[in-house]
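Quick note: to get the working numbering, add 4 to the position in the sequence shown (first position is 1). For reference, the structure is listed below as structure tokens.
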Amino acid sequence: MNTKKLTLNAILLAIGLMLHQFTPALGFPMQPDFALATLFIIMMINKDFKTVLTAGIITGIFTALTTKFPGGQIPNIIDKVVTVTIVYGLLSLIRNRLNKNIVLALILPIGTLISGTIFLTAALYIVGLPAPFNALFITVVLPATVINLVAGLVLFKIFDASLRRSGAAKSFDL
């Protein structure tokens with residue numbers, strides 16, 4: 005991995021951490037996970053699984069440290085590692101067949117739904133849920149899916165434009 009990609013990954017991870025830290029909870033003690041949006045952008049930039057998995061583990065640790073869900077530390081780590089593995093597989097199937105904006109528009113909501121489902125399932129079995137699974141899925145995961153789609157596309161456009169203006173876009177195969 006070159007220094008430019010490493011630096012951009014670190015910046016995206018830091019932005020994801022800050023967004024996760026400052027995002028308020030959406031009813032119940034749960035919040036939309038903007039760190040996921042930055043994780044999916046990292047997945048778009050990096051094609052190798054080792055880098056993507058490492059970013060997923062780091063994102064899981066960061067979100068575990070900043071979660072507002074009581075006992076949500078372990079479910080956050082589990083959710084990010086499993087989500088990154090599933091989404092990487094999906095991404096490798098469609099990455100070269102569709103426009104990057106369409107790929108991201110598909111990956112953001114699908115990945116958020118996968119992540120939310122895994123998080124709730126892990127939390128259910130590890131610490132329990134403060135409300136029924138379906139209620140949390142409808143009131144937190146579905147709105148977070150829409151929010152992550154919009155936020156992720158906006159963030160990606162900003163990073164894509166700044167990479168193109170700086171001439172660094174060639175380094176990232178975007």
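The beta-carbon is built from N, C-alpha and C at its ideal position, and this holds for glycine as well.
For this session: Put Gly115 into one of helix, strand or coil per three-state DSSP.
Result: Within the sequence shown, numbered from 1, the residue matching residue 115 stands at position 111. The answer is helix: DSSP assigns Gly115 an H, G or I state.
For this session: Kindly indicate which residue of Gly132, Gly93, His24, Pro134 has the alpha-carbon position closest to the one of Ile65.
Result: Within the sequence shown, the letter at position 61 stands for residue 65. Among Gly132, Gly93, His24, Pro134, the Cα nearest to that of Ile65 is on His24.
Problem set entry | Neighbourhood of Ala68 by C-beta distance below 6 Å, restricted to the same chain and skipping five residues each side | Within the sequence shown, numbered from 1, the residue matching residue 68 stands at position 64. Contacts found: Gln77, Asn80, Ile81.
For this session: Figure out for me which residue from Ala165, Arg168, Ala148, Ser170 has the closest Cα to the Cα of Gln35.
Result: One-based indexing of the sequence shown puts residue 35 at position 31. It is Ala148.
For this session: Express the C-alpha separation of Ile46 and Ile106 in angstroms, rounding to a whole number.
Result: For the purposes of this step, residue 106 is identified with residue 102 of the sequence shown, where counting begins at 1. For the purposes of this step, residue 46 is identified with residue 42 of the sequence shown, where counting begins at 1. Roughly 16 Å between the two C-alpha positions.
Exercise. By a C-beta neighbour count over all protein chains shown, 10 Å radius and 16 as the cutoff for buried, is Asn152 buried or exposed?
Worked result: Translated into the one-based positions of the sequence shown, residue 152 becomes position 148. When all chains shown are included, Asn152 counts as buried.
Problem set entry | Where the alpha helix (DSSP H) through Leu159 begins and ends | The sequence position of residue 159 within the sequence shown is 155, counting from 1. 146–170 is the extent of the alpha helix (DSSP H) around Leu159.
Exercise. Can we say the stretch 154–171 touches the stretch 92–110, given the rule of at least three CB pairs closer than 8 Å?
Worked result: yes
Exercise. Could you give the residue range of the alpha helix (DSSP H) that holds Ile78?
Worked result: Your numbering for residue 78 matches position 74 in the sequence shown. 77–98 is the extent of the alpha helix (DSSP H) around Ile78.
Exercise. Between which two residues does the alpha helix (DSSP H) harbouring Asn50 extend?
Worked result: Here residue 50 refers to the residue found at position 46 of the sequence shown. It is not in any alpha helix (DSSP H) - Asn50 carries neither H nor E in the DSSP assignment.
Exercise. Are there three or more Cβ pairs, one per stretch, closer than 8 Å when the stretch 110–126 is compared with the stretch 38–55?
Worked result: yes
For this session: Identify which residue in Ala14, Leu12, Lys54 has its Cα closest to the Cα of Gly93.
Result: Within the sequence shown, residue 93 is the residue found at index 89, counting from 1. Ranking Ala14, Leu12, Lys54 by Cα distance to Gly93 puts Lys54 first.
Exercise. Residue range of the alpha helix (DSSP H) that Thr143 falls in?
Worked result: Within the sequence shown, numbered from 1, the residue matching residue 143 stands at position 139. Here Thr143 belongs to no alpha helix (DSSP H), and DSSP marks it neither H nor E.
Exercise. Relative to the C-alpha of Phe163, which residue among Met48, Thr7, Leu124, Phe26 is closest?
Worked result: One-based indexing of the sequence shown puts residue 163 at position 159. It is Met48 whose Cα lies nearest to the Cα of Phe163.
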